[in-house]
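Protein chains: 4
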Amino acid sequence: MLEELKKRVYEANMLLPKYGLVTFTWGNVSEIDRESGLFVIKPSGVDYDLLTPDDMVVMDLNGNKVEGRYRPSSDTPTHLELYKAFPEIGGIVHTHSSYATSWAQAGRSIPCYGTTHADYIYGEVPCLRCLTKEEIDEAYEENTGHLIVNEFKRMGKDVKAVPAVLCKNHGPFTWGKDAHEAVHNAVVLEEVAKMAYRAETINPRIQPAPQELQDKHYYRKHGVNAYYGQN
Amino acid sequence: MLEELKKRVYEANMLLPKYGLVTFTWGNVSEIDRESGLFVIKPSGVDYDLLTPDDMVVMDLNGNKVEGRYRPSSDTPTHLELYKAFPEIGGIVHTHSSYATSWAQAGRSIPCYGTTHADYIYGEVPCLRCLTKEEIDEAYEENTGHLIVNEFKRMGKDVKAVPAVLCKNHGPFTWGKDAHEAVHNAVVLEEVAKMAYRAETINPRIQPAPQELQDKHYYRKHGVNAYYGQN
Amino acid sequence: MLEELKKRVYEANMLLPKYGLVTFTWGNVSEIDRESGLFVIKPSGVDYDLLTPDDMVVMDLNGNKVEGRYRPSSDTPTHLELYKAFPEIGGIVHTHSSYATSWAQAGRSIPCYGTTHADYIYGEVPCLRCLTKEEIDEAYEENTGHLIVNEFKRMGKDVKAVPAVLCKNHGPFTWGKDAHEAVHNAVVLEEVAKMAYRAETINPRIQPAPQELQDKHYYRKHGVNAYYGQN
Amino acid sequence: MLEELKKRVYEANMLLPKYGLVTFTWGNVSEIDRESGLFVIKPSGVDYDLLTPDDMVVMDLNGNKVEGRYRPSSDTPTHLELYKAFPEIGGIVHTHSSYATSWAQAGRSIPCYGTTHADYIYGEVPCLRCLTKEEIDEAYEENTGHLIVNEFKRMGKDVKAVPAVLCKNHGPFTWGKDAHEAVHNAVVLEEVAKMAYRAETINPRIQPAPQELQDKHYYRKHGVNAYYGQN
Chain A
1 MLEELKKRVY
11 EANMLLPKYG
21 LVTFTWGNVS
31 EIDRESGLFV
41 IKPSGVDYDL
51 LTPDDMVVMD
61 LNGNKVEGRY
71 RPSSDTPTHL
81 ELYKAFPEIG
91 GIVHTHSSYA
101 TSWAQAGRSI
111 PCYGTTHADY
121 IYGEVPCLRC
131 LTKEEIDEAY
141 EENTGHLIVN
151 EFKRMGKDVK
161 AVPAVLCKNH
171 GPFTWGKDAH
181 EAVHNAVVLE
191 EVAKMAYRAE
201 TINPRIQPAP
211 QELQDKHYYR
221 KHGVNAYYGQ
231 N
Chain B
232 MLEELKKRVY
242 EANMLLPKYG
252 LVTFTWGNVS
262 EIDRESGLFV
272 IKPSGVDYDL
282 LTPDDMVVMD
292 LNGNKVEGRY
302 RPSSDTPTHL
312 ELYKAFPEIG
322 GIVHTHSSYA
332 TSWAQAGRSI
342 PCYGTTHADY
352 IYGEVPCLRC
362 LTKEEIDEAY
372 EENTGHLIVN
382 EFKRMGKDVK
392 AVPAVLCKNH
402 GPFTWGKDAH
412 EAVHNAVVLE
422 EVAKMAYRAE
432 TINPRIQPAP
442 QELQDKHYYR
452 KHGVNAYYGQ
462 N
Chain C
463 MLEELKKRVY
473 EANMLLPKYG
483 LVTFTWGNVS
493 EIDRESGLFV
503 IKPSGVDYDL
513 LTPDDMVVMD
523 LNGNKVEGRY
533 RPSSDTPTHL
543 ELYKAFPEIG
553 GIVHTHSSYA
563 TSWAQAGRSI
573 PCYGTTHADY
583 IYGEVPCLRC
593 LTKEEIDEAY
603 EENTGHLIVN
613 EFKRMGKDVK
623 AVPAVLCKNH
633 GPFTWGKDAH
643 EAVHNAVVLE
653 EVAKMAYRAE
663 TINPRIQPAP
673 QELQDKHYYR
683 KHGVNAYYGQ
693 N
Chain D
694 MLEELKKRVY
704 EANMLLPKYG
714 LVTFTWGNVS
724 EIDRESGLFV
734 IKPSGVDYDL
744 LTPDDMVVMD
754 LNGNKVEGRY
764 RPSSDTPTHL
774 ELYKAFPEIG
784 GIVHTHSSYA
794 TSWAQAGRSI
804 PCYGTTHADY
814 IYGEVPCLRC
824 LTKEEIDEAY
834 EENTGHLIVN
844 EFKRMGKDVK
854 AVPAVLCKNH
864 GPFTWGKDAH
874 EAVHNAVVLE
884 EVAKMAYRAE
894 TINPRIQPAP
904 QELQDKHYYR
914 KHGVNAYYGQ
924 N
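Residue numbers (this note's numbering), protein chains in the order written: chain A, 1 to 231; chain B, 232 to 462; chain C, 463 to 693; chain D, 694 to 924.
Shown next as structure tokens:
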């Protein structure tokens, strides 16, 4: 069932250690098949070295396991809420990648300091508040999803233009049109977080890049007038 | 004698260079067989490249070498005191891993700034005082063990919930139910120390993660209501 | 056509991931054949893993593609302006290498703090202003080239003695007598940017290296009295 | 001639890239044969990838090349002065390793913040002044050697107990009883420089490790009462 998708999700998960984004099992990738309304996600706490495509877990959007010998990632309810709220999203990644998580622990959004950031993410990467005790006790992972959804709506942010978020004291989620693009954005986020960290150390009075430069780079790669790459 | 255990301790020692936790011979791992009251530890100052399972040294809890052609690690008396005082501990690691040692050199406990920390360690990683001149002169390594034991008792800390400590101006010790888990915790500690360092640079007015979030993540992975992983 | 040159430019491009200077496709190298007035450059947005010498794009100095199945790098107009203005330059590199880009994002020139810098770059690595909205809208990449040319002329800097520049909120360009030397200088710049970052953290009141030491090291490796190396 | 020594010096040089201490050709190792008064050193500016034992250059203590097809390292006169002044030294290393060089660029001695440092280096790693214009113009590399010799004598430092020095705005030299030990000390210095950098960031009011702890660790590994390792 969904063998192709399981293979793709498996491969996307294996990119996390390849790109240095995870220690042990601290990460997970999923991708959704919009036609069937099923998504495939990594099992919880299984070593990357031991993972196979067959270990992937198939879930429906009501949170029922449809196939798989393992429990799904403990973050599955967060993925599920994002898939339900944002039909533009096809793949989701959660990691504890080092620099992005450090920004999340610091409780700060990552300003757009340059074109590396602007090429992929429009404006700052928002850092959301912590969940309240009530939200944590009631349904931690699901409410993490609700918070991301509500805050993006409140801020008027487009999930296609801002494919990354930081959860305070926790870590990043990224997404994309599929699992592979979501991993790509996780790599971009880590690199952007690293360079923003260093840029602030070099110049404590640093300002974000001018809006016109951000626009230029973002629209050079996205939208109808894009001219970067071969498409 | 204890061939299985020697092999396991050897393999756990070899994980230290694999995870980038040691330079040269700056680290050691041990594991105890509680039935016989014997523990196995790395020999002192032997290159990781040359190490074999047969080089491991078997010690009893009175500090006598029971088997082995080499001298045991110079830190053996510290391991011994921890095994005597804490029956819950089955394996111990000492390294000079870079970020954890930097916190130890700075003389600061590592606050819990996020869920990566809270997933494994309940509350801050304590940094203990230096030994006094008298303690150093009398029995340096043994008194290091006594200090850890006494301070954990004084602070009311449970060694299962806080599997790591920093010795001021020296470096970290970690432990676990066996050698492998102790190494796992050494990796976690280094990652946590790195992200705490960066988070403080990003936000000098940073505060620890809210207690309810720390509790949620710790108890998601530990105790009777744990639901992370496959067990 | 220009098969030798395409091979050399291909190989120089492949050095960027080898030296850790690029993530994904964030970099490009070109080299010019001054006799024919043609230069060869990497195609835009093609994975390094998939690149072959035949994928390289041949351009003339009027900005026309002379050969190649792909679009040239989006930064091609910048390369072109530099080749037109500086006949001493034979190869050009653009990357988003982490430390150099962090200085660019911080909007600061890199002072010469030591002999590693002075061995290759005479005086500071200048960080130029951002383009204006008008310059961006009119012809972003071409005007980036104009800015570099005009600023080097205004500052009286010799492109042979200062083979590197930072574009504010963007990243570095380096150059050399050919593509290979330009890559060499990109590696030097990244290392110099890293050590300047760290040196400022260690000593916030740091001063540039004395002029006589800068001169000694630069002229030990360059000019008629050079005595470093085997030539 | 001195084939054994050339092989050893070659191998010691090849350890520099292995341990990540050099970029390109920025480092050199030598070792002296005290009986013949000849020392062997890396040639100047030759790629590590291309180096063979036969490329090593044999020098006498008057600065004459005795054998070798290449010019010796441009830093040869510094090595020579150290060998002449300090009969205890058998091997010397110069690198631009990143953290040690950053301290040199910052013009600061590295305080002893912990036992990693104290295990190998007794007290701080001194950072010497820059050479004067006169000293540079007269004989730069030779006068670098004189400065190290004179400053160690003035400070009453024993080169066996302090096997490392920083030359301001330049970089480190380390030494040992042979080339291999000198490389070992170069690795130690880089690690110590890195952890001191981080420890100061974590605690800006940090103090050096207590003298009694420094003594304990140094004498645990050195002198008649040493008990670390197998000898």
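Glycine included, every Cβ here is placed at the ideal spot set by N, Cα and C.
{"Query": "In chain C, what lies closer than 8 Å to V862 (chain D) by C-beta?", "Result": "The question names Val, but residue 862 (chain D) in the sequence shown is Asn. Under the 8 Å cutoff, chain C gives Y575, G576, T577, A671, P672, L675."}
{"Query": "When burial is assigned at 16 or more other CB atoms within 10 Å of the CB, is L444 (chain B) buried or exposed?", "Result": "buried"}
{"Query": "For chain A, check one thing: does any of its Cβ atoms lie closer than 8 Å to the Cβ of I437 (chain B)?", "Result": "yes"}
{"Query": "Could you compute how far the alpha carbon of N150 (chain A) sits from the alpha carbon of R108 (chain A)?", "Result": "18 Å"}
{"Query": "Ignoring anything shorter than 3 residues or poking outside the stretch 846-882 of chain D, list the beta strand (DSSP E) runs there in chain order.", "Result": "857-860, 864-869"}
{"Query": "Using a Cβ-Cβ cut-off of less than 7 Å, list which residues of the stretch 404-436 of chain B approach chain A; keep chain order.", "Result": "V418, E422, K425, M426, R429, A430, T432, I433, N434"}
{"Query": "Just curious, the beta strand (DSSP E) that T788 (chain D) is in, first and last residue?", "Result": "784-788"}
{"Query": "Closest to K468 (chain C) by C-alpha separation, out of C:K480, C:L513, C:A658, would be which residue?", "Result": "C:L513"}
{"Query": "In whole angstroms, what separates the C-alpha of S267 (chain B) from that of N295 (chain B)?", "Result": "14 Å"}
{"Query": "In the DSSP output, which residue or residues are listed as bridge partners for I899 (chain D)?", "Result": "The partner list for I899 (chain D) (beta bridge, DSSP) is empty, contrary to what the question assumes."}
{"Query": "Do you know whose CA, among B:V240, B:D286, B:I433, B:C343, lies nearest Y449 (chain B)'s CA?", "Result": "B:C343"}
{"Query": "Taking only the alpha-carbon atoms, compute the straight-line gap between D747 (chain D) and P274 (chain B) and give it to the nearest angstrom.", "Result": "38 Å"}
{"Query": "How about I254 (chain A) and A568 (chain C): do their beta carbons lie closer than 8 Å?", "Result": "In the structure as shown, chain A starts at 1 and stops at 231, and residue 254 (chain A) therefore has no counterpart that could be examined."}
{"Query": "Between the Cα of E88 (chain A) and those of A:D215, A:M195, A:A179, spot the shortest distance and give me the residue it belongs to.", "Result": "A:A179"}
{"Query": "Residue range of the alpha helix (DSSP H) that L513 (chain C) falls in?", "Result": "Counting along the chain, L513 (chain C) falls outside any alpha helix (DSSP H), and DSSP gives it neither H nor E."}
{"Query": "For the stretch 790-801 of chain D, which residues have a beta carbon sitting closer than 7 Å to at least one beta carbon of chain C?", "Result": "S791, Y792, T794, S795, W796, A797, Q798, A799, G800, R801"}
{"Query": "Taking only the alpha-carbon atoms, compute the straight-line gap between S174 (chain B) and S304 (chain B) and give it to the nearest angstrom.", "Result": "Any property of residue 174 (chain B) remains undetermined from this structure, which presents chain B solely from 232 to 462."}
{"Query": "Going by DSSP, what residue range makes up the beta strand (DSSP E) through K65 (chain A)?", "Result": "65-67"}
{"Query": "When you compare each of B:D306, B:K315, B:D280 to I263 (chain B) by their alpha carbons, which one comes out closest?", "Result": "B:K315"}
{"Query": "Within its chain, find whatever has a CB closer than 6 Å to the CB of I841 (chain D); leave out the 5 residues flanking it on each side and keep chain order.", "Result": "V858"}
{"Query": "Which residue marks the beginning of the alpha helix (DSSP H) containing E724 (chain D), and which one marks its end?", "Result": "Segment 720-726 is the beta strand (DSSP E) holding E724 (chain D); no alpha helix (DSSP H) there."}
{"Query": "Is there a C-beta anywhere in chain C that falls below 8 Å from the one on G229 (chain A)?", "Result": "yes"}
{"Query": "On the DSSP letters alone, give me the boundaries of the beta strand (DSSP E) that L269 (chain B) sits inside.", "Result": "269-272"}
{"Query": "Does any residue of chain B have a CB that is nearer than 8 Å to the CB of R913 (chain D)?", "Result": "yes"}
{"Query": "Assess contact between the stretch 706-721 of chain D and the stretch 875-890 of chain D, defined as three or more Cβ pairs (one per stretch) separated by less than 8 Å. Is contact present?", "Result": "yes"}
{"Query": "Going by CA-CA distance only, name the one from D:P901, D:K887, D:T894 that's closest to Y792 (chain D).", "Result": "D:K887"}
{"Query": "With a Cβ-Cβ cutoff of 8 Å, do G322 (chain B) and A243 (chain B) count as a contact?", "Result": "yes"}
{"Query": "How close, in whole Å, do the beta carbons of M232 (chain B) and E298 (chain B) come, if the pair is a contact with beta carbons under 8 Å?", "Result": "5 Å"}
{"Query": "Let me see if you follow: with CB-CB separation under 8 Å, is K249 (chain B) close to chain A or not?", "Result": "no"}
{"Query": "Under 9 Å, CB to CB, which of the residues in the stretch 246-271 of chain B have a partner in chain D?", "Result": "T254, F255, T256, W257"}
{"Query": "Check the Cβ of Y140 (chain A) against every Cβ in chain B and list those closer than 8 Å, keeping chain order.", "Result": "K447, R451"}
{"Query": "Let me confirm a value: K861 (chain D) is counted as buried when at least 16 other C-beta atoms fall within 10 Å, else exposed. Which label applies?", "Result": "buried"}
{"Query": "Which residue marks the beginning of the beta strand (DSSP E) containing V715 (chain D), and which one marks its end?", "Result": "No beta strand (DSSP E) contains V715 (chain D), which DSSP labels as neither H nor E."}
{"Query": "Check the Cβ-Cβ distances between R533 (chain C) and every residue of chain A, and say whether any is below 8 Å.", "Result": "yes"}
{"Query": "Tell me which residue opens and which closes the beta strand (DSSP E) that D768 (chain D) is part of.", "Result": "Careful: D768 (chain D) lies outside any beta strand (DSSP E) and carries neither H nor E."}
{"Query": "From the DSSP output, which residues share a beta bridge with M14 (chain A)?", "Result": "M14 (chain A) is not bridged to any residue."}
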